[in-house]
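Just below is one structure, and these are the notes that go with it.
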Amino acid sequence: MGKYLETGKVSMKAQITYRFDVGVGSIIPFIRVFLAYALWKVLFAAKTEIGGMSFEMMMTYHLVASFLTRLDQSVNMVWDMAEEIREGRFSKYMVRPISPLGHFLAESLAKTLYILLVTLATVAFLAVVMRRILVPPSSLANLAGACLMGFMGLVFLSLLNYLTALLAFKFNDITGWHIMKNNAVDFLAGALVPLSLLPAWIQDVMRFFPFYYVYYYPASLYLGLKTEQFVTGLIVMAIWIVLLWGLSVIVYHRFRRIYEGVGN
Amino acid sequence: MEKLKRHVRLLKMFFSFRLSNRMIYRASFWTAVFVDVSLFLIQLAVFSVLFYDVDSINGWNKYQMVFFVGTFTIIDGLDMFLYFFGVIGIPAKIREGKLDIYLTKPVNTLFWLTFENMDIGSLFTCIPGIIMVVTASVMLGIRITLRRVLGYILLLLMMIALLYNLMLIIRCLAFFFIKTGALDELEGELIGFSFRVPGIVFRGVAKFVVYVLLPYALLATIPAQFFTDSLSGGMWLLVIGVAAAFTLLAQWVWRLGLKHYGSASS
């Protein structure tokens, strides 16, 4: 465990070096909320409710969802890991007494922790400034549930991104796949629009897939919506995390055999 | 004139190199096509979900919105075909000192960097865009005149140039800062949004921000507004002014960045 903590510490220190990047990243929630405000203000002009949400709930949804989106740092780590594999620099992970998956997760969670501290300040500021058009958490229990589900969502995304990066062992260039996956995840997880705007039958199907619980469900739970789906959500996410974990281990052990470690 | 001919020759050469390269790595070619198409479908899905039961938005009806999405799709396809992959590669070249080789060649560095990675597969994305624009024009009963078509093409070209300058300014910041990934994310956010929402929804300060300071909302809105409705003289002036200002700004930031460039150590 100590070695993974050390990995996390190193990763956090590296984040402090990139102050400009972290600073710019912390204003992204501002931009998202500003854009969401402009859009929904117009769409709500003739309506009081869209997709089961009032204007205030919609704005809160976007703030929570954009906060969660910022927390996933594993998505950017795919580029680095894929490049290390392509250039033959991945060998260092194979000779170290540390699991590449554990290393990836430790680094990803440490980055998330750092971003959490920085972005939390931005989000808290926004919450104060926009308090008239934002909704407080429906209850402490729902808030805790949303945090737990959000954390499971981040673990799931880290595993998914690790698996994507592993594809670089097999394919020379994974850029296209990674971009395609990111676009699909953003839509399916509710980062672009709340999934409650989709037809009911699609929502019913999506409840069996993990993306539903990554951004959309934690934000809904925060608002006190769909609380009855909490237990199902936990089970679905736990199953998918275990599945992806197992798949990551299998895929790594298969693909490492075809790795030549010379780069191209 | 000779200089222009030389650059056109170079452009042809870049195109033919990329075409040969893409034909060798066919999987990459088709992957790029799939990426573009998937991005288009997702944006379309978001757009449909948002405006499913909205008949009009700030005076624009459904078919004007379809025209707007079609226009953005064409701009997106053309920018990916022409310069997108060249420009996004600039920060890595700055960080790794690979810019040296470009600087020593007897070719305009920025021209080379911009067009060396043209992506032929992205042109396919323009097809659904053109279909949407034509369908929307028919449904709106627009009388097609030469003036209207030429004006639309001119605005389209201006917006492609504006998007290029916006992209370039962000990439040039890599001359000054080690990591600029968050700026890419911010840009993606603004471009994605301007694809989904026409600029006409903005009012007051918000409009000033997205029309002048971060003019992403102009990109598809202005050509669509010109073709399906009308564009006032004031708006023409604003668009030309913003496009010119960002061209000058991009050139200035690029030159400033080059002065700051310290080869492999930057």
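Chains as they are written, first to last, in this note's numbering: chain A, 1 to 264; chain B, 1001 to 1266.
Backbone N, C-alpha and C fix where the C-beta goes; we use that ideal spot for every residue, glycine too.
Owing to the predicted nature of the structure, the values given are computational and were not obtained by experimental measurement.
Alpha-carbon to alpha-carbon, residue j and residue i
i	j	result
T1104 of chain B	H1007 of chain B	17 Å
M1235 of chain B	P1091 of chain B	34 Å
M1013 of chain B	F1202 of chain B	43 Å
L35 of chain A	P100 of chain A	39 Å
G8 of chain A	F1067 of chain B	49 Å
N172 of chain A	D1184 of chain B	24 Å
S66 of chain A	L195 of chain A	14 Å
L71 of chain A	M77 of chain A	13 Å
S1137 of chain B	R1147 of chain B	15 Å
Y216 of chain A	M1080 of chain B	31 Å
T111 of chain A	S11 of chain A	With the sequence shown as reference, residue 111 of chain A is identified as Lys, and Thr is not the correct amino acid for it. Roughly 7 Å separates the two Cα atoms.
P954 of chain B	S1016 of chain B	Past the boundaries of the shown model lies residue 954 of chain B; chain B is included only from 1001 to 1266, so the question cannot be answered.
G1188 of chain B	Q1064 of chain B	24 Å
Q229 of chain A	C147 of chain A	15 Å
V1242 of chain B	L1154 of chain B	15 Å
L1213 of chain B	D1076 of chain B	21 Å
A82 of chain A	A14 of chain A	19 Å
M1159 of chain B	G1141 of chain B	25 Å
Y1261 of chain B	I1094 of chain B	8 Å
L43 of chain A	L1186 of chain B	24 Å
Y259 of chain A	L163 of chain A	16 Å
L1039 of chain B	A144 of chain A	34 Å
L160 of chain A	V185 of chain A	10 Å
I1024 of chain B	L188 of chain A	34 Å
V262 of chain A	W79 of chain A	18 Å
I250 of chain A	F208 of chain A	24 Å
K3 of chain A	P97 of chain A	9 Å
Residue i CB to nearest heavy atom of the ligand GDP below 8 Å
i	result
I258 of chain A	In terms of ligand content, the structure shown is empty, and the ligand GDP therefore cannot be addressed.
Limits of the unbroken alpha helix (DSSP H) element including residue i
i	result
Q1251 of chain B	1233 to 1260
F242 of chain A	Before going further, note that residue 242 of chain A is Val rather than Phe in the sequence given. Residues 230 to 255.
A45 of chain A	Note, A45 of chain A: premise wrong, no alpha helix (DSSP H); not H, not E.
N1165 of chain B	1146 to 1172
M81 of chain A	74 to 86
L126 of chain A	100 to 129
I1127 of chain B	1126 to 1140
L71 of chain A	55 to 71
S158 of chain A	140 to 170
T1221 of chain B	1218 to 1228
R96 of chain A	From DSSP, R96 of chain A is part of no alpha helix (DSSP H); its letter is neither H nor E.
N183 of chain A	175 to 188
D1100 of chain B	1099 to 1103
I202 of chain A	200 to 206
D1079 of chain B	1062 to 1079
P218 of chain A	216 to 222
Integer Cβ distance of residue i from residue j, believed to fall under 8 Å
i	j	result
A1032 of chain B	G1121 of chain B	4 Å
W240 of chain A	P210 of chain A	4 Å
R1196 of chain B	L1050 of chain B	7 Å
V1035 of chain B	I179 of chain A	5 Å
L1238 of chain B	Y1216 of chain B	The pair is not a contact, with the Cβ atoms about 15 Å apart (cut-off 8 Å).
T122 of chain A	I27 of chain A	7 Å
L1190 of chain B	F1246 of chain B	Actually they are not in contact, since the Cβ atoms of L1190 of chain B and F1246 of chain B sit about 14 Å apart, beyond 8 Å.
A191 of chain A	T69 of chain A	5 Å
L1162 of chain B	L1248 of chain B	Not really, about 12 Å apart at Cβ, beyond 8 Å.
L223 of chain A	S91 of chain A	Not confirmed; about 48 Å, so no contact.
L197 of chain A	G51 of chain A	4 Å
Residues near residue i by beta carbon distance below 7 Å, same chain, minus five either side
i	result
V1107 of chain B	L1010
W1254 of chain B	L1110, L1168, C1172
R32 of chain A	H62, S66
L105 of chain A	S158
L1019 of chain B	I1120
T1114 of chain B	Y1083, G1086, V1087
Y93 of chain A	P100, H103
L247 of chain A	L163
M1118 of chain B	F1014, F1015, R1018, F1081, L1082
V193 of chain A	none
Residues of its chain near residue i, where Cβ-Cβ distance is below 8 Å and the 5 sequence neighbours each way are ignored
i	result
S1056 of chain B	K1062
M237 of chain A	M149, M152, G153, F156, P210, Y213
T1180 of chain B	P1091, I1170, R1171, L1173, A1174
I1200 of chain B	I1057, N1058, G1059, W1060, T1221, Q1225
P199 of chain A	none
Close beta carbons around residue i, own chain, < 6 Å, minus the five adjacent residues each side
i	result
E56 of chain A	I133, V135
F1029 of chain B	R1022, G1121
K226 of chain A	S220
M206 of chain A	Y212
S1263 of chain B	G1097, D1100
G1151 of chain B	F1226
4-residue-minimum alpha helix (DSSP H) runs that sit fully inside the stretch 1007 to 1059 of chain B, ordered along the chain: 1026 to 1050
Which runs of the alpha helix (DSSP H) spanning at least 4 residues fall entirely within the stretch 1168 to 1213 of chain B, listed in chain order? List check, alpha helix (DSSP H) in window: 1181 to 1196, 1204 to 1208.
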